[in-house]
Each structure stands twice: as C-alpha cells, then as structure tokens.
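Under UniProt numbering, the residue at position 22 of the sequence shown is numbered 22, and the numbers go up by one with no gaps. Where is the CB? At the ideal position from N, CA and C, for every residue including glycine.
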Amino acid sequence: MKITVFAQIIANQGQSDALFKILKQLVTDTHTEAGCIEYKLHHSLDDENIFWMYEIWQSQAALDEHMASAHFQAFVAQTADLISRADIHKSYAC
1 MKITVFAQII
11 ANQGQSDALF
21 KILKQLVTDT
31 HTEAGCIEYK
41 LHHSLDDENI
51 FWMYEIWQSQ
61 AALDEHMASA
71 HFQAFVAQTA
81 DLISRADIHK
91 SYAC
C-alpha cells in the first residue's frame, strides 16, 4: 500500500532561509531513494516561516527506511534549533 505524508514545518522566527536551504537539500537527497515516488517541498506565500512537504512512498517500509537514512537523520540534527513545530500526517489513498 502506498503511503502519503503531509508535513507542515514551521521555522523559528528569523530561521526560514536557513531551514529552506536544508529542506531543499533533503529533497535532492530523498529523490535518490528507491521507495520514493514523490517528494515535494512547498513554501507558504502568506507566511515565510511555513513549509509543507508532500510525499508519496511505495510502502510503509520505504518510509521507515527514509526516516532511518543518514541524510534524514542529518536533517533532523541540523534543524533542531531551526524548527518551532512539525505536524506530520500519514494517509493512504482510498
């Protein structure tokens, strides 16, 4: 079953440019993963601190591998002080 992820990521005030740069690198790195069908970054037009990730994964196992990958773990470590909140929602197409 394919898994869709919608993630809203909110940068700390004054950190949106730094977070954007790291998110763009995460997108580049993630596109090389075998189980990644779609991985898109969106940036709010209304609030520079709000980003969304739209992801489609071949399976839950592929998503789990992504979250355990070295580049995702590096992203988590690099952004610990840049992100004020991240809301992640997983779903599947009905």
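Quick one, are the C-beta atoms of residue i and residue j less than 9 Å apart?
i, j, result
"Gln15", "Asn49", "yes"
"Phe75", "Phe51", "no"
"Ala84", "Ile3", "According to the sequence displayed, residue 84 carries Ser and not Ala. Cβ atoms of Ser84 and Ile3: not closer than 9 Å."
"Ala62", "Glu38", "no"
"Ser69", "Phe6", "no"
I'd like the list of long-range same chain contacts for residue i, defined as Cβ closer than 6 Å, with 5 residues on each side in sequence excluded.
i, result
"Gln8", "Trp52, Asp87"
"Ser44", "Ile50"
"Asp81", "none"
So residue i and residue j are in contact, right, with Cβ under 8 Å, and what is the actual spacing, rounded?
i, j, result
"Leu41", "His71", "With 8 Å as the limit, Leu41 and His71 do not qualify as a contact, their Cβ atoms being about 14 Å apart."
Problem - Whole alpha helix (DSSP H) elements within the segment 46 to 87, 4-residue minimum - result: 60 to 68, 70 to 79
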